[in-house]
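Residue numbers (the working numbering), protein chains in the order written: chain Z, 4 to 120; chain P, 703 to 816. Structure record follows, encoded as structure tokens.
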């Protein structure tokens with residue numbers, strides 16, 4: 004079966020420090036990968052998605068970046084964190100549209116709490 | 703472009719009462735529709751999904767949802783709510799034409815009174 008792992012689960016970082024959140028998917032190949040953010044009391048905001056190695060699409064301009072160095076690995080980074088970067092970050096994956104798992108079905112990781120102080 | 707509306711930000715029910723969470727979507731063709739649940743501090747868990755076929759979909763944890771094309775709705779129901787159902791619920795719509803990006807509603811927070 005497919006599983007998704009993201010870490011760390013919680014992170015407290017000072018303003019101006021770097022960030023690296025990592026996500027890996029197991030049990031599938033060539034997944035679509037996503038990074039979402041949830042600010043307190045708000046809905047989901049799509050930050051980045053990737054349909055293949057090295058292919059990253061950004062949905063929201065900001066000081067965050069994403070990379071996909073391997074097929075099932077997705078990394079969210081920042082060189083200098085802002086207070087406004089605080090929130091709950093969710094990694095997710097889906098199979099290719101029309102695939103055996105019904106394409107477009109997104110499966111989420113457990114999330115990472117980031118507090119910028 | 704697709705869109706999703708969850709008109710209720712908060713819903714309060716008593717334990718044992720029935721539940722219906724509303725979801726309305728906008729999409730030009732047959733959509734893929736989803737309901738997710740999120741417990742505090744956790745990721746989103748898929749409750750159920752509709753792609754085609756029977757418009758009444760059964761999901762996990764005793765939930766069901768009904769796709770009504772004429773009303774552009776996909777409401778989530780449960781006949782008897784348990785205290786553990788208190789959570790945030792998200793409706794989402796995906797394009798059937800191969801889009802990779804589903805659209806999520808803002809969520810409905812379910813509060814369960816004992």
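Using N, Cα and C, we set each Cβ at its ideal position, and we do this for glycine too.
Does the beta carbon of residue 813 of chain P come closer than 9 angstroms to any beta carbon on chain Z?
-> No - not a single Cβ of chain Z is within 9 angstroms of the one on residue 813 of chain P.
Could you tell me the boundaries of the beta strand (DSSP E) in which residue 793 of chain P lies?
-> That run of the beta strand (DSSP E) goes 789–796.
Rounded separation between residue 104 of chain Z and residue 32 of chain Z - CA only = Any answer about residue 104 of chain Z is weak, because its pLDDT of 45 lies below 50 and its placement is not dependable; what the coordinates show is given next. Roughly 12 angstroms separates the two Cα atoms.
Is the shortest distance between the beta-carbon of residue 95 of chain Z and the beta-carbons of chain B less than 9 angstroms?
-> Going by chain labels, chain B is absent from the structure shown, which instead holds the protein chains Z and P.
Unbroken beta strand (DSSP E) run spanning residue 35 of chain Z, endpoints = Looking at the DSSP string, the run of the beta strand (DSSP E) that includes residue 35 of chain Z is 35–41.
Cutoff 6 angstroms; reference residue 721 of chain P; Cβ partners in own chain excluding five residues on either side | 715, 780 and 783, listed in sequence order.
Does the beta carbon of residue 727 of chain P come closer than 9 angstroms to any beta carbon on chain Z?
-> No Cβ of chain Z is located within less than 9 angstroms of the beta carbon of residue 727 of chain P.
Please go through the same chain and pick out, in chain order, the residues whose beta-carbon is closer than 6 angstroms to the beta-carbon of residue 5 of chain Z, but skip the five residues on each side of it.
-> Taken in chain order, the residues that qualify are 30 and 31.
Rounded straight-line distance, which links the Cα of residue 777 of chain P to that of residue 24 of chain Z | Whole-angstrom Cα-Cα distance: 35 angstroms.
So is residue 109 of chain Z in contact with chain P if we call contact Cβ pairs under 9 angstroms?
-> By this cut-off, residue 109 of chain Z is an interface position.
When we look at the beta-carbon of residue 709 of chain P and count the other beta-carbons within 10 Å, is it buried (16 or more) or exposed?
-> It counts as exposed.
Looking at C-alpha atoms only, which residue of P:734, P:718 and P:713 is the closest neighbour of residue 775 of chain P?
-> Nearest of P:734, P:718 and P:713 to residue 775 of chain P, Cα basis: P:734.
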